[in-house]
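Take a look at the structure below.
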Amino acid sequence: MSKVAIVTGGSRGIGAAISVGLRDAGYKVAANYAGNDEAAAKFKAETGIPVYKWSVADYDACAAGIAKVEADLGPVGVLVNNAGITRDAMFHKMTREQWNEVIGTNLNGVFNMTHPLWGGMRERKFGRVVTISSINGQKGQMGQANYSASKAGDIGFTKALAQEGARAGITVNVICPGYIATDMVMAVPEKVREAIVAQIPVGRLGEPQEIARCVVFLASEEAGFITGSTITANGGQYFA
Ligand code: NDP
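If you use UniProt numbering, the sequence shown corresponds to residues 1 to 240, in order.
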C-alpha cells in the first residue's frame, strides 16, 4: 500500500491537524493550500511537511499539482478532501458568485482531486479517499444554502464512489464535523459562537485533532471493511 497522502487545505485548521496526524502515523504528506502563503510557510517551518499551492476549484491545476506531488513523494494512496470555504448569505441575498464559489471549491473540488487520482488507485488496487463534509450538509443551515448543498453533495458522492471502488481495494468515506475551533468558526461573531456552543451537548467546540484522528483511522489498512460510511463527529449536536 502507498503511504503517500495529499491533504487539501492541509496547512491550516482541521487540514493542518490531519496533515500532522498522518505524518505522525508514518505517511509522507503533501499539504495543499490555495493562497495564504504566510500560513503555509509557517506550517512548513513548524512541521517540516511540504506545502503545494493550487486551487482545488481548477481541474487542470489539480492534475498538475498531483503530478508534482507524485514526482516528489511517489504514488498517492490517500486523498483527504478537506479544502472548504463559506460564503454565507440568506438565499434571497445570495449572489451567483457566492453560490458558484462554494460549489466550485467544496463539491467540484472533490471531483477535481479524486478524478485524476482514481485511475492510479485502481491500478494499484489500493486507495483511501476521505472527504470532510459538515453537520450542515446533514441537517441544512439557514444562511448556508450553498454550503449545505455542497456538503450534502460530498456525502452522495462518497456513497456512490464507494460502490465503484470496493472491488479495487479503494475505500471512500466522509466525515461530518460539527463546530470545530478553527479560523472558519472563530471568524463568526462571539455572540453567535456562544449561541452555537449552547447547542452542543458536550458544551464545547471540537478540536481539529478530534477530526484528524478519524481520518488517520479511515486511512489505515485496518479500516478496509469500512466504505461508503459517514462518521459524525459533532459533540452530540445532531444525530444523522
Ligand atoms: P479553514 O478556513 O481554517 O482552512 C481552510 C483551508 O482550505 C485552508 O488551508 C485554505 O487554504 C484551504 N482552501 C480554501 N479554498 C481552497 C481551494 N480552492 N483550493 C485549495 N485549498 C483551499 O477551514 P477549517 O479547517 O475550519 O475547515 C476545513 C474543512 O472542514 C472545510 O471543508 C470545512 O467546510 C469543514 N468543516 C469545518 C467545520 C468547522 O467548524 N471549522 C465544521 C464542519 C466542516 P489557504 O490557507 O491558502 O486559504
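All residues carry an ideal CB built from backbone N, CA and C; glycine is no exception.
Can residue i and residue j be called in contact, C-beta distance under 9 Å?
{"i": "Ile85", "j": "Asn106", "result": "yes"}
{"i": "Asn32", "j": "Val7", "result": "yes"}
{"i": "Asn81", "j": "Val110", "result": "yes"}
{"i": "Ala233", "j": "Cys176", "result": "yes"}
{"i": "Val76", "j": "Ala5", "result": "yes"}
{"i": "Leu73", "j": "Thr114", "result": "no"}
{"i": "Arg122", "j": "Gly165", "result": "yes"}
{"i": "Glu38", "j": "Gly120", "result": "no"}
{"i": "Pro208", "j": "Ala16", "result": "yes"}
{"i": "Ala30", "j": "Tyr52", "result": "yes"}
{"i": "Arg87", "j": "Phe43", "result": "no"}
{"i": "Gly178", "j": "Gly235", "result": "yes"}
{"i": "Gly127", "j": "Gly169", "result": "yes"}
{"i": "Val130", "j": "Val78", "result": "yes"}
{"i": "Ala219", "j": "Tyr27", "result": "yes"}
{"i": "Leu117", "j": "Ile66", "result": "yes"}
{"i": "Ala240", "j": "Thr227", "result": "no"}
{"i": "Gly140", "j": "Met90", "result": "no"}
When you measure from the CB of residue i to every non-hydrogen atom of the ligand NDP, does any distance come out below 8 Å?
{"i": "Val185", "result": "yes"}
{"i": "Gly77", "result": "no"}
{"i": "Arg54", "result": "Before going further, note that residue 54 is Trp rather than Arg in the sequence given. Yes, Cβ of Trp54 sits closer than 8 Å to a heavy atom of the ligand NDP."}
{"i": "Pro201", "result": "no"}
{"i": "Gly9", "result": "yes"}
{"i": "Ile85", "result": "yes"}
{"i": "Ala30", "result": "no"}
{"i": "Thr230", "result": "no"}
{"i": "Pro177", "result": "yes"}
{"i": "Thr47", "result": "no"}
{"i": "Ala162", "result": "no"}
{"i": "Pro189", "result": "no"}
{"i": "Ile135", "result": "yes"}
{"i": "Ala16", "result": "yes"}
{"i": "Arg122", "result": "no"}
{"i": "Gly119", "result": "no"}
{"i": "Arg12", "result": "yes"}
{"i": "Ile132", "result": "yes"}
{"i": "Ile103", "result": "no"}
{"i": "Tyr147", "result": "yes"}
{"i": "Ile66", "result": "no"}
{"i": "Pro208", "result": "yes"}
{"i": "Ile180", "result": "yes"}
{"i": "Asn173", "result": "no"}
{"i": "Asn100", "result": "no"}
{"i": "Ala34", "result": "yes"}
{"i": "Leu107", "result": "no"}
{"i": "Gly22", "result": "The residue you asked about is not Gly; residue 22 is Leu in the sequence shown. Checking every heavy atom of the ligand NDP against the Cβ of Leu22, none is found closer than 8 Å."}
The ligand MG heavy atoms versus the CB of residue i: any closer than 8 Å?
{"i": "Lys151", "result": "Annotation note on the ligand MG: not contained in the displayed structure, which lists the ligand NDP as its ligands."}
Between residue i and residue j, how many whole angstroms is the CB-CB distance? I'm expecting something under 8 Å.
{"i": "Ser148", "j": "Val174", "result": "With 8 Å as the limit, Ser148 and Val174 do not qualify as a contact, their Cβ atoms being about 14 Å apart."}
{"i": "Arg124", "j": "Ser2", "result": "7 Å"}
{"i": "Thr171", "j": "Gly224", "result": "6 Å"}
{"i": "Ile14", "j": "Ile180", "result": "6 Å"}
With a threshold of 9 Å between beta-carbons, can residue i be considered close to chain C, or not?
{"i": "Asp72", "result": "Here chain C cannot be found, since the structure has a single protein chain."}
| request: Assess, as a yes-or-no matter, whether the segment 214-227 is touched by the segment 17-29 under the definition of 3 or more beta carbon pairs within less than 8 Å. | output: yes
| Touching or not, the segment 138-156 and the segment 182-199, by the rule of three or more beta carbon pairs under 8 Å? | no
| request: For the segment 161-219, list the beta strand (DSSP E) runs that are entirely contained and at least 3 residues long, ordered along the chain. | output: 170-177
| field | Whole runs of the alpha helix (DSSP H) within the segment 68-149, excluding any shorter than 4 residues | value | 96-106, 108-124 and 135-139
| field | beta strand (DSSP E) segments (min. 3 residues) lying fully within the segment 32-69 | value | 51-53
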